[in-house]
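Peer 1: So our numbering is basically just the index in the sequence shown, starting at one, shifted up by 848.
All C-beta atoms, glycine included, are put in the ideal place defined by N, C-alpha and C.
These figures come from a predicted structure and were not determined experimentally.
Attaching a single structure in structure tokens format; questions to follow.
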Amino acid sequence: MIPDLSQIKSDPEIATLMAMAEAQIKALQFTEHSKRHAGIVSKWAGDILRGLNADEERIRLAEIAGYLHDIGNCVNREGHAQSGAILAYHTLCRIGMDTPHATEVMMAIGNHDEKYGTPVSDISSALIIADKADVHKSRVKKTIEDVMKANIHDRVNLAAEKSYLTVQREEAAIALHIEIDTDVCSVMDYFEIYFNRMQMCRKAAEFLHCRFSLNINGTKLV
Ligand SMILES: [Fe+2]
Ligand SMILES: [Fe+2]
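Quick look at the structure:
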């Protein structure tokens, strides 16, 4: 059995874990990892597989993995993919998801972070691309003055006016489109921060038998 996403979203235990994850990220002054990010990654992970004509079951599992992928931030930012994978597995089993499907979600979540993760399934690959694609200025929670002084990660997010994915099944192509304000961050700043993430997206797209491309301000860069 695969629970509805709405059931997962309204589960009190999951809501508590996600609220504490958000609180910890806020305390660390990291970029936003709230329900907004969870919701976007869930939708985009499902959209990627839908765009590639995957079975409805795979799409639903990707949406669930996307919604829960950062739940481990309630334990510690370090190792959040692995701790979150175990938390998600146990909560999904409690809700009634069968072991093979809960294991698939666990595996995808445990591999979503660029530090130790690898695309290991269609769900994992869709989750990786969806997660890395969410770059937006609304995710920066510091003042503009503080951001401009120090943190390149925040500056890159702050520069991003818009980001979205396109999936072209006939061309076997997945593209990430980002519009950045080059007064806030240069394209080189973006590359410095996102090089590892874009490489991971490329591997994830290859797992899905697609090419990955990055377009910034309408220019195809990779
Ligand atoms: Fe994460
Ligand atoms: Fe994330």
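For Ile976 versus His1001, is the C-beta spacing smaller than 8 Å?
Peer 2: Not closer than 8 Å, so no.
Peer 1: Helix, strand or coil for Tyr1042? Go by DSSP, reduced to three states.
Peer 2: Tyr1042 falls in the helix class under three-state DSSP.
Peer 1: Taking the alpha carbon of Gly1066 as the point to measure from, which residue in Asp1029, Asp1037 and Arg1050 has its own alpha carbon closest?
Peer 2: Answer by Cα proximity: Asp1029.
Peer 1: Just to confirm my understanding: we take Val1015, look at its own chain, exclude 5 residues before and 5 after, and list those with CB closer than 6 Å. What are they?
Peer 2: So the list reads Ile896, Gly899 and Ile1022, once near-sequence residues are dropped.
Peer 1: What's the C-alpha gap between Met954 and Asn924?
Peer 2: Taking the straight line from one Cα to the other gives about 17 Å.
Peer 1: Sort Ala886, Asp982 and Tyr937 by Cα distance to Pro948 and report the nearest one.
Peer 2: The residue with the shortest Cα to Cα distance from Pro948 is Tyr937.
Peer 1: Spell out a yes or no on whether the stretch 956-972 and the stretch 1044-1052 are touching, meaning 3 or more CB-CB pairs, one atom from each, closer than 8 Å.
Peer 2: Result yes; three or more Cβ-Cβ pairs closer than 8 Å.
Peer 1: In chain order, what residues of the same chain lie with their CB nearer than 7 Å to the CB of Ile907, ignoring the 5 residues before and after it?
Peer 2: Excluding sequence neighbours, Ile907 sits near Gly894, Leu897 and Arg898.
Peer 1: Suppose the cutoff is 7 Å on Cβ atoms and the five residues either side in sequence are ignored; what does the same chain contact list for Glu861 look like?
Peer 2: Hits under 7 Å: Thr939.
Peer 1: For a quick check, are the C-beta atoms of Leu916 and Gly932 less than 8 Å apart?
Peer 2: Yes, the pair counts as a contact, with Cβ atoms nearer than the cut-off.
Peer 1: Look at the alpha carbon of Arg1059 and the alpha carbon of Ala974, and state the distance between them as a whole number of angstroms.
Peer 2: Whole-angstrom Cα-Cα distance: 13 Å.
Peer 1: Below 8 Å on the Cβ atoms is my guess for Ala981 versus Leu1024; work out the distance and round it to an integer in Å.
Peer 2: The pair is a contact, with the Cβ atoms about 5 Å apart (cut-off 8 Å).
Peer 1: At a cut-off of 7 Å, would you count Phe889 as near ligand 2, judging by its Cβ distance to the nearest heavy atom?
Peer 2: According to the sequence as given, residue 889 is Val; it is not Phe. Checking every heavy atom of ligand 2 against the Cβ of Val889, one is found closer than 7 Å.
Peer 1: Report the residue ranges of all beta strand (DSSP E) runs contained in full by the stretch 914-997; include only those spanning at least 3 residues, in chain order.
Peer 2: The qualifying runs do not exist here; there are none.
Peer 1: Going by the C-beta, is Ala820 closer than 7 Å to any heavy atom of ligand 1?
Peer 2: Only positions 849 to 1070 of the chain appear in this structure, which leaves residue 820 out of reach.
Peer 1: Rounded to whole angstroms, what's the CA-CA distance from Gln877 to Glu870? Just pull it up for me.
Peer 2: Whole-angstrom Cα-Cα distance: 10 Å.
Peer 1: Going by the beta-carbon positions, is the gap between Glu904 and Leu853 smaller than 8 Å?
Peer 2: Result no, Cβ atoms of Glu904 and Leu853 do not sit closer than 8 Å.
Peer 1: Quick one, what's near ligand 2 if you take every residue whose CB is closer than 5 Å to any heavy atom, in chain order?
Peer 2: Qualifying residues, in the order they occur: Asp918 and Asp979.
Peer 1: How far does the alpha helix (DSSP H) with Val1074 in it reach, from first residue to last?
Peer 2: The structure shown does not extend to residue 1074, since the chain is modelled only from 849 through 1070, so no value can be given for it.
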